[in-house]
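Trainee: Each residue of the sequence shown is one higher than the one before, counting from 2 in the working numbering. For each residue, glycine too, the CB sits at the ideal point set by N, CA and C.
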Amino acid sequence: AGKAEFPICTQNLFLGGHVRVGMEDNLYLGKGVMAKNNGELVEKMVRIMGEFDFEPATPDEAREMLGIKK
Numbered sequence: 002a003g004k005a006e007f008p009i010c011t012q013n014l015f016l017g018g019h020v021r022v023g024m025e026d027n028l029y030l031g032k033g034v035m036a037k038n039n040g041e042l043v044e045k046m047v048r049i050m051g052e053f054d055f056e057p058a059t060p061d062e063a064r065e066m067l068g069i070k071k
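1) Kindly list the residues whose CB is nearer than 8 Å to the CB of residue 53, restricted to its own chain and excluding five residues on each side of it in sequence; keep chain order.
2) Taking 8 Å as the limit between beta carbons, can you name the residues of its chain near residue 55, skipping five residues before and five after?
3) Rounded to whole angstroms, what is the Cα-Cα separation between residue 3 and residue 39?
4) Would you tell me roughly how many angstroms separate the C-alpha atoms of residue 25 and residue 36, rounded to the nearest one?
5) Between which two residues does the alpha helix (DSSP H) harbouring residue 23 extend?
The structure is reproduced here in structure tokens:
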């Protein structure tokens, strides 16, 4: 997704989808600002979600959605 990762993820939320972000898809937090780790990308997406009143799944909710046992 590269530089379009955050806009694509945001649109997906409004379409009722789920999102995931990570360095395997995008290395940058913004123009010319490289993320130090996946956590920074996740934090940015959580901030964006909060701006539009979306809440991220908890780890337990994500496991349940994916059918992963604890």
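Mentor: Straight from the coordinates:
1) Locating residue 53 in the sequence shown gives position 52, where the first residue counts as 1. The residues are 11, 14 and 15.
2) Position 54 of the sequence shown holds residue 55. Once the five neighbours on either side are set aside, the close Cβ partners of residue 55 are 14.
3) By one-based count along the sequence shown, residue 3 stands at place 2. By one-based count along the sequence shown, residue 39 stands at place 38. Taking the straight line joining both Cα atoms gives about 14 Å.
4) Taking the first residue of the sequence shown as 1, we reach residue 25 at position 24. Taking the first residue of the sequence shown as 1, we reach residue 36 at position 35. In this model, residue 25 and residue 36 are separated by some 12 Å (Cα to Cα).
5) The residue you call residue 23 lines up with position 22 of the sequence shown. Careful: residue 23 lies outside any alpha helix (DSSP H) and carries neither H nor E.
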